[in-house]
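What the sequence shown shows, in my numbering, is residues 250 to 816, in sequence order. Just so it is clear, CB atoms sit at the ideal spot from N, CA and C, and this is done for glycine as well. Working notes, beginning with the structure itself.
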Amino acid sequence: MIIMALGFFVGRIRIGSFSLGVAAVLFVGLIISAIFTNYGHPIQQLHIVWVMGLTLFVYTIGLASGSAFFRALRTKGLGLNLLIIVLVLSSAGFTIGMVALFKMEPIISAGMYTGALTNTPALAAVSNALPSLADSAAVKAAGSVDAAQSLPTVGYALSYPLGVLASIAAFALFQKVFHINHQEEAVRAGVAAVPIFTRNILVTRDDATRIADLNSRIGHHIIVSRMLTPDAYEIDPHLLDEKGYPEEVSIDAGKMRIASVRDVIEKGMIVCVTGTQDALDAATEFLGEDSHVDLAYYDVTSGLRRIFVSNPNVVGVKLGKLGLQRKHGILITRIRRGDIDMVATDDSRLELGDRVRVVTSKENLTQAARILGDSYKSLSEIDVLTFAVGITLGLLVGKIPVPIPGGGVLELGSAGGPLIVGLILGALGRTGPIVWRIPYSSNLTIRQFGITLFLAGIGANAGGDFLKAVTNPASLTVIAVGGVITFLLTSLTLVIVYKGFKLPYGTAMGVAAGLFTQPATLGYANDQTNNDLPNTGYSTVYPMSMIAKIVVAQVLIILMVKMGLGA
Numbered sequence: 250m251i252i253m254a255l256g257f258f259v260g261r262i263r264i265g266s267f268s269l270g271v272a273a274v275l276f277v278g279l280i281i282s283a284i285f286t287n288y289g290h291p292i293q294q295l296h297i298v299w300v301m302g303l304t305l306f307v308y309t310i311g312l313a314s315g316s317a318f319f320r321a322l323r324t325k326g327l328g329l330n331l332l333i334i335v336l337v338l339s340s341a342g343f344t345i346g347m348v349a350l351f352k353m354e355p356i357i358s359a360g361m362y363t364g365a366l367t368n369t370p371a372l373a374a375v376s377n378a379l380p381s382l383a384d385s386a387a388v389k390a391a392g393s394v395d396a397a398q399s400l401p402t403v404g405y406a407l408s409y410p411l412g413v414l415a416s417i418a419a420f421a422l423f424q425k426v427f428h429i430n431h432q433e434e435a436v437r438a439g440v441a442a443v444p445i446f447t448r449n450i451l452v453t454r455d456d457a458t459r460i461a462d463l464n465s466r467i468g469h470h471i472i473v474s475r476m477l478t479p480d481a482y483e484i485d486p487h488l489l490d491e492k493g494y495p496e497e498v499s500i501d502a503g504k505m506r507i508a509s510v511r512d513v514i515e516k517g518m519i520v521c522v523t524g525t526q527d528a529l530d531a532a533t534e535f536l537g538e539d540s541h542v543d544l545a546y547y548d549v550t551s552g553l554r555r556i557f558v559s560n561p562n563v564v565g566v567k568l569g570k571l572g573l574q575r576k577h578g579i580l581i582t583r584i585r586r587g588d589i590d591m592v593a594t595d596d597s598r599l600e601l602g603d604r605v606r607v608v609t610s611k612e613n614l615t616q617a618a619r620i621l622g623d624s625y626k627s628l629s630e631i632d633v634l635t636f637a638v639g640i641t642l643g644l645l646v647g648k649i650p651v652p653i654p655g656g657g658v659l660e661l662g663s664a665g666g667p668l669i670v671g672l673i674l675g676a677l678g679r680t681g682p683i684v685w686r687i688p689y690s691s692n693l694t695i696r697q698f699g700i701t702l703f704l705a706g707i708g709a710n711a712g713g714d715f716l717k718a719v720t721n722p723a724s725l726t727v728i729a730v731g732g733v734i735t736f737l738l739t740s741l742t743l744v745i746v747y748k749g750f751k752l753p754y755g756t757a758m759g760v761a762a763g764l765f766t767q768p769a770t771l772g773y774a775n776d777q778t779n780n781d782l783p784n785t786g787y788s789t790v791y792p793m794s795m796i797a798k799i800v801v802a803q804v805l806i807i808l809m810v811k812m813g814l815g816a
């Protein structure tokens, strides 16, 4: 807890526009662990601590990013995953070149490679491959297979901390080079909090328009909430103020009604519409002109209310399928999720914790609250059973052994398994009566706790080994080469994804973090962007990156040892 608290404090220190954010927890853990080890009191290594934190972090990311992940796969996801394979192979080739050039010890260098790519499962894969190389000169030089299996950890401990720092440095550098404005990127990508407005429009268009066809006609999405027919109002054109507003309006409020997609908009009507500024401008241009009659002000029959979604029975189902307006006369016009407002559509799916704006008859507001839940207390709770089932499934998937050429076995581990299961369950949303997603606020809280626990645990675990390794003068070459590998690989990823794939820089940082399967750099990217673009990029390439690095790391150690490099 001390490491976590100090890490958060250090992470908030800014030098210019740069700060480490949550990644500072890792470096505080390394420093504190190294100090305690130096004075003969090493911190007890609790493997379960950081594994639990990592599992919570990746599973909640999967739940939140599942839908976006599968959408991305249908667009540029395939190309991004092919890029990841090419970059992992290229980095392995670069490593072979550096080992040959500087005559570096091959087994330590294989560990350096896994540390530079900050991947613990790949480190384990390297160690597991060494018994098959028992007759090689490199293993014999170590004294025994057991002794040889400890060498990759040395290279890993040397290159891992700089691997994290080099990635963050590249993120910050290219953010300056490309003059990135994360808020503008988020707006263009549709993940920013774009303001939603309401406007009353007087219809002057001669031909009638079905509400069901309106969005396709204007090229934007709006919601028509109220309608007033021409025979239900009268405006005296001689009684207008200096701004053109009517001073006297005669309205038969009983004829005002809540709009339905089955309704037709005709000339002379006044309609109340909800949407973004651009959408409202397009609707006004198409239908007619601004009306100075505020339908909401004169509406005495219907009511408007913000309601919390806490009923799991309405979660994960398309609004069109729920049929709230058709069955109950309840029209949802806006959905607020986190800090983002969205115009509701028939394809929108509600999530626990959403706040929706509903328009319905005043006597129906209580029923609307009952149907949607409207319980803030229940939103502070999660369904522990489904959450635990999801994580358990993820851990089981991570333990499935997959044989690979050369006699090795591939496992996705406690990071890859929960992430993949989380992505699938997050995309499904629900299975029959079981709701897999958790409230937005709960997801963020668990995610933040998980990443902090992971970074504190891995830092405390690695500090002792890092201190031993860094005090060896021969280690400088390993540290330098590992840092170069990380920085070049991160830089290439950022440039190719941002400039080549034309994706937002936030997504590019997420892809780079996914390439390194590194929660610390993802945490930094999230701190910089304050949106979900990095999470989408991360989850899109993470599974492929995990698999590629585990396989390539084993091939790399076999090649370097059999080629006699470093001799």
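The beta carbon of T778 is closer than 6 Å to those of H431 and G755 in its chain, skipping five residues each way along the sequence. Between the alpha carbons of T525 and V608 lies a distance of about 18 Å. Following the DSSP letters along the chain, one finds G755 inside the alpha helix (DSSP H) bounded by residues Y754 to L764. N780 carries a coil assignment under DSSP once its states are collapsed to helix, strand and coil. With contacts defined as CB atoms closer than 9 Å, G270 and D781 fail to qualify as a contacting pair.
Straight-line spacing of the CA atoms in I262 and V727 works out to 30 Å. For F736, the number of other beta carbons within 10 angstroms of its own is at least 16, and it is reported as buried. Proximity to A762 across P792, I507 and K751 peaks at P792, based on C-alpha coordinates.
Comparing C-alpha distances from S339 to each of A802, L350, A317 and I807 shows the shortest one belongs to A802. Note that the segment 595-603 touches the segment 566-575; at least 3 beta-carbon pairs, one per stretch, sit closer than 8 Å. Assigned with DSSP and collapsed to three states, D395 falls in helix.
A residue is called buried when at least 16 other Cβ atoms come within 10 angstroms of its Cβ; M353 meets this threshold and is buried. As the crow flies, the alpha-carbon of N784 is around 14 Å from that of Y689. Counted as a single uninterrupted DSSP element, the beta strand (DSSP E) harbouring L553 occupies residues S551 to F557.
Here R696 has F306, T309 and I310 as same chain residues with Cβ atoms under 7 Å from its own Cβ, once five neighbours each way along the sequence are excluded. Annotation for D539: R448, N449, I450, L451 and T533 place their beta carbon closer than 8 Å to its own, counting only its chain and skipping 5 residues before and after. Across the set V684, V473, V746 and G537, the C-alpha of V746 shows the shortest separation from the C-alpha of A757.
Counted as a single uninterrupted DSSP element, the alpha helix (DSSP H) harbouring V638 occupies residues V633 to G647. The C-beta of N710 has 16 or more other C-beta atoms within 10 Å across all chains shown, which makes the residue buried.
Exposed is the label assigned to K504, since fewer than 16 other Cβ atoms lie within 10 Å of its Cβ.
By the Cβ neighbour-count rule, D623 is buried, with 16 or more other Cβ atoms within 10 Å of its own.
Distance from A406 to L400 at the Cβ level is roughly 11 Å; contact not present, criterion being Cβ atoms closer than 8 Å. Note that the C-beta distance between D603 and V684 is not below 9 Å.
Judged by pairs of C-beta atoms under 8 Å, the segment 321-331 does not touch the segment 355-366, as fewer than three such pairs exist. The segment 698-705 and the segment 370-380 do not touch, with fewer than three beta-carbon pairs separated by less than 8 Å. One thing to note: A359 has its Cβ no nearer than 9 Å to the Cβ of L764. In this structure, A618 keeps its C-beta atom at 9 Å or more from the C-beta atom of H577.
If you look at V440, you'll find it isn't in any alpha helix (DSSP H); DSSP assigns it neither H nor E. Around the beta carbon of R437, fewer than 16 other beta carbons lie within 10 angstroms, which makes this residue exposed. Taken atom to atom, the span from the alpha-carbon of I334 to that of R320 is near 21 Å. In the structure shown, the three-state DSSP call for S624 is coil. If you draw a straight line from the Cα of V513 to the Cα of R506, it is about 13 Å long. E538: not part of any alpha helix (DSSP H); member of the beta strand (DSSP E) spanning G537 to D539, first to last residue.
Fully contained in the segment 694-746 are the following alpha helix (DSSP H) runs of length 4 or more, in chain order: 724-744.
The shortest C-alpha to C-alpha distance from A419 to any of L808, K798, S740 and S691 is the one to S740. CA-to-CA, the gap between V510 and R459 works out to about 7 Å.
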